[in-house]
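S.K.:
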Amino acid sequence: AAIESKNIADNAVELMSHKISKLQEETQHALKLLSCLGSFCEESVLCMILPRDNKIVLKQAPKGCSQQAFRLGYTSLILSLELAVKEGLINHVDSKYKFVHDMIQLSSYHLIPEDERGQWHLWIGNQIWANRDTSPEK
25 AAIESKNIAD NAVELMSHKI SKLQEETQHA LKLLSCLGSF CEESVLCMIL
75 PRDNKIVLKQ APKGCSQQAF RLGYTSLILS LELAVKEGLI NHVDSKYKFV
125 HDMIQLSSYH LIPEDERGQW HLWIGNQIWA NRDTSPEK
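Taking our numbering, I'd label the letters of the sequence shown as residues 25 to 162.
#1: What is the DSSP secondary structure of GLU66, counted as helix, strand or coil?
#2: Over the uninterrupted alpha helix (DSSP H) stretch that includes ILE148, give me the two end residues.
#3: Roughly how many angstroms separate the alpha carbons of TYR98 and GLU67, rounded to a whole number?
#4: Assuming ILE152 contacts CYS60 (C-beta within less than 8 Å), just tell me the rounded distance between them.
#5: How far does the beta strand (DSSP E) with HIS53 in it extend, from its first residue to its last?
#6: Would the region 38-56 and the region 99-117 be scored as touching if the rule is three or more Cβ pairs under 8 Å?
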(Lines of atoms letter the chains of each structure in order from A; the text may use other names.)
(Lines give C-alpha, C1' and ligand atoms only; values in the text may rest on other atoms or scores of the structure.)
Protein backbone atom coordinates (compact mmCIF):
# COMPACT_ATOMS: atom_id res chain seq x y z
CA ALA A 25 0.00 0.00 0.00
CA ALA A 26 2.85 2.40 0.79
CA ILE A 27 4.39 1.77 -2.63
CA GLU A 28 1.06 2.43 -4.38
CA SER A 29 0.50 5.71 -2.48
CA LYS A 30 4.05 6.85 -3.35
CA ASN A 31 3.38 6.21 -7.05
CA ILE A 32 0.07 8.06 -6.87
CA ALA A 33 1.74 11.02 -5.14
CA ASP A 34 4.56 11.09 -7.71
CA ASN A 35 2.04 10.90 -10.55
CA ALA A 36 -0.01 13.74 -9.03
CA VAL A 37 3.09 15.93 -8.83
CA GLU A 38 3.99 15.07 -12.43
CA LEU A 39 0.44 15.77 -13.62
CA MET A 40 0.26 19.14 -11.82
CA SER A 41 3.78 20.08 -12.97
CA HIS A 42 2.69 19.36 -16.53
CA LYS A 43 -0.41 21.56 -16.14
CA ILE A 44 1.66 24.39 -14.64
CA SER A 45 4.30 24.10 -17.38
CA LYS A 46 1.57 24.89 -19.95
CA LEU A 47 0.91 28.30 -18.34
CA GLN A 48 2.59 31.51 -19.45
CA GLU A 49 6.25 31.65 -18.45
CA GLU A 50 5.71 34.61 -16.09
CA THR A 51 2.94 32.71 -14.31
CA GLN A 52 5.19 29.68 -13.95
CA HIS A 53 7.92 31.87 -12.43
CA ALA A 54 5.42 33.49 -10.07
CA LEU A 55 4.22 30.08 -8.87
CA LYS A 56 7.82 28.90 -8.43
CA LEU A 57 8.61 31.98 -6.36
CA LEU A 58 5.46 31.52 -4.27
CA SER A 59 6.28 27.83 -3.75
CA CYS A 60 9.67 28.78 -2.28
CA LEU A 61 7.84 30.81 0.36
CA GLY A 62 5.58 27.98 1.55
CA SER A 63 1.90 27.20 1.24
CA PHE A 64 0.88 30.87 1.47
CA CYS A 65 2.37 34.35 1.38
CA GLU A 66 1.25 37.81 2.43
CA GLU A 67 1.42 40.59 -0.17
CA SER A 68 3.66 42.54 2.22
CA VAL A 69 6.33 39.83 1.84
CA LEU A 70 5.98 39.89 -1.95
CA CYS A 71 6.43 43.64 -1.76
CA MET A 72 9.74 43.15 0.06
CA ILE A 73 10.90 40.72 -2.63
CA LEU A 74 9.83 42.95 -5.52
CA PRO A 75 9.13 46.49 -4.26
CA ARG A 76 6.14 48.27 -5.76
CA ASP A 77 8.01 51.48 -6.48
CA ASN A 78 10.91 49.64 -8.16
CA LYS A 79 13.29 52.26 -6.72
CA ILE A 80 15.48 49.48 -5.43
CA VAL A 81 17.47 47.76 -8.11
CA LEU A 82 16.87 44.04 -8.10
CA LYS A 83 19.92 41.90 -7.57
CA GLN A 84 21.09 39.80 -10.48
CA ALA A 85 19.87 36.25 -10.71
CA PRO A 86 22.20 33.80 -9.03
CA LYS A 87 24.79 32.01 -11.16
CA GLY A 88 23.32 28.99 -12.88
CA CYS A 89 19.73 30.25 -12.57
CA SER A 90 17.62 31.43 -15.43
CA GLN A 91 17.78 35.24 -15.64
CA GLN A 92 14.14 35.35 -16.71
CA ALA A 93 13.00 33.74 -13.49
CA PHE A 94 14.20 36.81 -11.63
CA ARG A 95 12.93 39.53 -13.98
CA LEU A 96 9.40 39.73 -12.66
CA GLY A 97 8.39 43.14 -11.46
CA TYR A 98 5.84 43.54 -8.67
CA THR A 99 2.99 44.38 -11.05
CA SER A 100 3.68 41.46 -13.39
CA LEU A 101 4.07 39.16 -10.37
CA ILE A 102 0.63 40.13 -9.07
CA LEU A 103 -0.93 39.82 -12.55
CA SER A 104 0.65 36.38 -12.92
CA LEU A 105 -0.61 35.28 -9.51
CA GLU A 106 -4.11 36.50 -10.41
CA LEU A 107 -3.96 34.37 -13.56
CA ALA A 108 -3.06 31.40 -11.34
CA VAL A 109 -6.10 32.27 -9.21
CA LYS A 110 -8.29 32.11 -12.32
CA GLU A 111 -6.74 28.73 -13.16
CA GLY A 112 -7.76 27.46 -9.71
CA LEU A 113 -4.19 26.84 -8.54
CA ILE A 114 -4.10 29.43 -5.75
CA ASN A 115 -6.56 31.53 -3.77
CA HIS A 116 -6.29 35.24 -3.05
CA VAL A 117 -8.05 36.12 0.19
CA ASP A 118 -7.56 39.53 1.79
CA SER A 119 -3.82 40.15 1.39
CA LYS A 120 -2.77 36.51 1.20
CA TYR A 121 -2.00 34.22 -1.74
CA LYS A 122 -2.39 30.55 -0.84
CA PHE A 123 -1.98 27.33 -2.81
CA VAL A 124 -5.29 25.47 -2.95
CA HIS A 125 -3.50 22.16 -2.31
CA ASP A 126 -0.07 21.17 -1.06
CA MET A 127 0.47 19.07 -4.22
CA ILE A 128 0.21 22.23 -6.32
CA GLN A 129 2.86 23.92 -4.18
CA LEU A 130 5.07 20.83 -4.42
CA SER A 131 4.53 20.63 -8.19
CA SER A 132 5.45 24.29 -8.61
CA TYR A 133 8.55 23.80 -6.49
CA HIS A 134 9.58 20.73 -8.48
CA LEU A 135 9.63 22.82 -11.66
CA ILE A 136 12.72 24.54 -10.26
CA PRO A 137 15.76 22.41 -11.15
CA GLU A 138 17.04 20.81 -7.96
CA ASP A 139 20.49 22.37 -8.32
CA GLU A 140 18.92 25.87 -8.53
CA ARG A 141 16.57 25.68 -5.52
CA GLY A 142 19.12 26.85 -2.99
CA GLN A 143 19.93 29.82 -5.20
CA TRP A 144 16.23 30.74 -5.41
CA HIS A 145 15.95 30.72 -1.62
CA LEU A 146 19.15 32.73 -1.26
CA TRP A 147 17.96 35.30 -3.82
CA ILE A 148 14.57 35.63 -2.09
CA GLY A 149 16.24 36.04 1.30
CA ASN A 150 18.64 38.65 -0.07
CA GLN A 151 15.76 40.57 -1.65
CA ILE A 152 13.79 40.57 1.59
CA TRP A 153 16.86 41.72 3.53
CA ALA A 154 17.76 44.43 1.00
CA ASN A 155 14.19 45.76 0.82
CA ARG A 156 13.13 45.31 4.44
CA ASP A 157 12.68 49.07 4.87
CA THR A 158 10.14 49.19 2.01
CA SER A 159 7.69 46.89 3.77
CA PRO A 160 4.35 48.56 4.55
CA GLU A 161 4.37 46.55 7.83
CA LYS A 162 7.74 47.72 9.22
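Glycine included, every Cβ here is placed at the ideal spot set by N, Cα and C. Predicted, not measured: the structure shown is a model, and the values here were computed from it.
M.R.: To lay it out plainly:
#1: strand
#2: 141-154
#3: 10 Å
#4: Not quite, the Cβ-Cβ distance comes to about 11 Å (not below 8 Å), so this is no contact.
#5: Careful: HIS53 lies outside any beta strand (DSSP E), inside the alpha helix (DSSP H) at 49-61.
#6: yes
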